[in-house]
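> Below is the structure I would like to discuss, written out as structure tokens.
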Amino acid sequence: MRLLRFRLVLLGTVAAAVGSQFGASAADNSLQAVFTRMDQASVKFKGLKAEMRKLSHTAVINEDSVDTGTIVVRVPKPHDLHMLIDFQQPDQKKVKIAGTKVDIYYPKTEIVQEIDLGKNHRSQVEQFLRLGFGSNSKDLLDAYLVTLGGPETIAGEPTTRIELVPKAKDLLAQFPKFELWISDETGISVQQKMYQPGGDYSLATYTKMQANISIPESAVSLNPPKGVRWEYPQK
């Protein structure tokens, strides 16, 4: 579970947008309307590109740190999600996720760290990666208690915020609550917030999104240069 938490803090939950043909009226902000938009969007979701900003808040010292970069996601078939996050500021690093395997490349030190979250966590990993991004109402209701937060505007886009409390006790102990801001137009999350015990949280925001587009495998490959040193922290 510690490794699962590491992945969540590092990445946040991913999000994207799909074409405006998806979604109910932006004026309808009921929970069922949000579910309808998400269900319609999830049917055709297959990939995305976006810019991302991740804010991490540490409560004990009341300090925020911000990472910015880009994200590319490829879903060639159901339950087969590949992701590449390229953090550019303040420190460069690339994170590739495929299944339960996570590879992190640090260009400054020319090191790649490989982490395997384990087959037993595969469904949890996929659930987190798809939280608000390609997920449907059944996915959410099976795993969370979902309540309506209300309408909010994120980066100029009308959204409806929903709150999710995990049903699984082990997950609840690590992450008491999640919030998703679902686009009223596209049915896809444009912002996610993950709460941790003690007041810490991570807030991920996605802009300039291109979604439901064909993504080649090369776009989600790590491709480190020759001569990098591979490390295996779990061994």
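Those letters in the sequence shown? Residues 4 to 238, by my numbering. Cβ atoms here follow ideal geometry from the backbone N, Cα and C, with glycine treated the same way.
1) Could you round the C-beta distance between F178 and Y147 to whole angstroms and report it? I think they count as a contact, below 8 Å.
2) For T61, which residues of its own chain have a beta-carbon under 7 Å away from its beta-carbon, when the five flanking residues on both sides are left out?
3) Taking S138 as the reference, give the member of P219, T189, K99, V105 with the closest Cα.
4) Measuring alpha carbon to alpha carbon, tell me which residue in H85, Y109, H82, I88 is nearest D94.
5) Any idea if H85 is buried or exposed, counting beta-carbon neighbours within 10 angstroms, 16 or more meaning buried?
6) So, with DSSP's three-state summary, where would you put E113?
7) According to DSSP, D70 sits in a beta bridge with which residue or residues?
8) Report the partner residues of H85 according to the DSSP bridge assignment.
9) In three-state DSSP terms, what is T210?
10) Which first and last residues belong to the beta strand (DSSP E) in which Q194 is found?
11) Of all the options G72, H82, V78, A101, which has the alpha carbon lying nearest to the alpha carbon of I88?
12) Return the bridge partner residues of R164 from the DSSP annotation.
13) Could you tell me the distance, in whole angstroms, from the CA atom of L13 to the CA atom of V78?
On the basis of the data shown:
1) The Cβ separation is near 10 Å, so there is no contact.
2) Cβ neighbours of T61 beyond the five flanking positions: D203.
3) In terms of Cα proximity to S138, the closest of P219, T189, K99, V105 is T189.
4) Y109
5) buried
6) Here E113 sits in coil by DSSP.
7) K57
8) R77, A101
9) strand
10) 192 to 198
11) G72
12) G153, W184
13) Low local confidence applies: a pLDDT of 43 at L13 is under 50, so the model's placement there is unreliable, with the coordinate-based value given in what follows. Near 21 Å, if we compare the C-alpha coordinates of V78 and L13.
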